[in-house]
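The opening residue of the sequence shown carries number 0 in numbering that gives the first Met the number 0; numbering runs sequentially from there. To keep things clear, I will list the structure first and then write my remarks on it.
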Amino acid sequence: MRKFFSVSAWVVGVASLAFVGHALFRYFVPEAPPSPVVLFASYDSGVGSTLLEFRADGTFRYTNAAFIASEELSGHYTRTDDLIRLDRLPKTGLLRSKTLQVRAAPHTETGNGLWQVGATDEAKPKLVVFTIYRLAPTQQ
């Protein structure tokens, strides 16, 4: 019985040290704040939503949230003038092209859209156009 208590005390002690060590490490070495979002676009189909966030550090996040399931994908992008090129595509969802174009879209609620374009950099009108939303200025 004494052996059980000594082993239990040892296990509790090691777990406590690990917890305190982790807490101190997290306190003294905080995570870097996320890069600010420079472009946000979405498409709402009524049953689900698709969101695209482009950050200043060249990363993007794609989120497809449907009634039953959701999918999230992160990657990198490059922007040249009004063209945005993604390094990867999701396996499912409304995003079908690695190249997107920022241009006017009168049928969206903001008047600006993120169009999916083909190999010749022409907009594909049969694919979904994401609505671009204006971001609030960041407080500094």
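Quick reminder that beta carbons are idealized off the backbone N, C-alpha and C, glycines included.
Reduced DSSP category for residue i - H, G, I as helix; E, B as strand; rest coil
{"i": "residue 133", "result": "coil"}
{"i": "residue 121", "result": "coil"}
{"i": "residue 109", "result": "coil"}
{"i": "residue 149", "result": "Nothing about residue 149 can be read from this structure; the chain reaches only from 0 to 139."}
{"i": "residue 69", "result": "strand"}
{"i": "residue 41", "result": "strand"}
{"i": "residue 116", "result": "strand"}
{"i": "residue 168", "result": "Because residue 168 is not part of the residues shown, which for the chain are 0 to 139, the question remains open."}
{"i": "residue 92", "result": "coil"}
{"i": "residue 82", "result": "strand"}
{"i": "residue 60", "result": "strand"}
{"i": "residue 31", "result": "coil"}
{"i": "residue 102", "result": "strand"}
Which listed residue (the options) has its alpha carbon closest to that of residue i
{"i": "residue 56", "options": "48, 78 and 42", "result": "78"}
Beta-carbon spacing of residue i, residue j below 9 Å
{"i": "residue 32", "j": "residue 54", "result": "no"}
{"i": "residue 44", "j": "residue 60", "result": "no"}
Would you say the stretch 100-118 touches the stretch 63-73, given that touching needs at least three Cβ pairs under 8 Å?
Flag = no, the stretch 100-118 and the stretch 63-73 do not touch.
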